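Residue numbers (the numbering used here): 111 to 219.
So, in structure tokens, the structure goes:
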């Protein structure tokens with residue numbers, strides 16, 4: 111192997127851990143009315159959506175590809191091959207949005 115070459119390695123999540131990726135920027139966002147909300151605006155206890163990339167063997171209700179709702183203040187960030195991810199426990203997920211879920215609330219995301 112040439113100097114400075116780093117071989118890519120697969121990642122396997124353990125126990126009840128989820129590897130999720132938060133889409134886009136967590137900074138500025140736009141309201142439905144088109145108003146720009148700066149990243150410095152204080153929003154009390156706002157939950158965030160993320161897409162599940164990998165799950166551990168003890169995870170029972172979430173699958174890769176699902177969208178999950180979690181508290182962005184309680185998380186561990188990690189960089190894998192230049193991409194940013196978040197590691198969560200299954201118990202830290204507040205809701206799951208997936209086409210396969212029956213008995214939904216009638217809300218569409």
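Yeah, the Cβ is synthetic: ideal placement off N, Cα and C, and Gly gets one too. Note that this is a predicted model, so its numbers are computed, not measured.
Query                                                                             : Result
Three-state class that DSSP yields for residue 183 in the structure shown         : coil
Buried/exposed call for residue 203, threshold 16 Cβ in 10 Å                      : buried
Contact under 7 Å by Cβ, residue 162 with residue 176                             : yes
Cβ neighbour criterion (16 or more within 10 Å) applied to residue 188            : exposed
Option in 170, 131 and 181 with minimal Cα separation from residue 192            : 131
Residue 179 versus residue 167: straight-line alpha-carbon distance, rounded      : 20 Å
For residue 124, the first and last residue of its enclosing beta strand (DSSP E) : Careful: residue 124 lies outside any beta strand (DSSP E) and carries neither H nor E.
Cβ-Cβ distance between residue 174 and residue 158 below 7 Å                      : no
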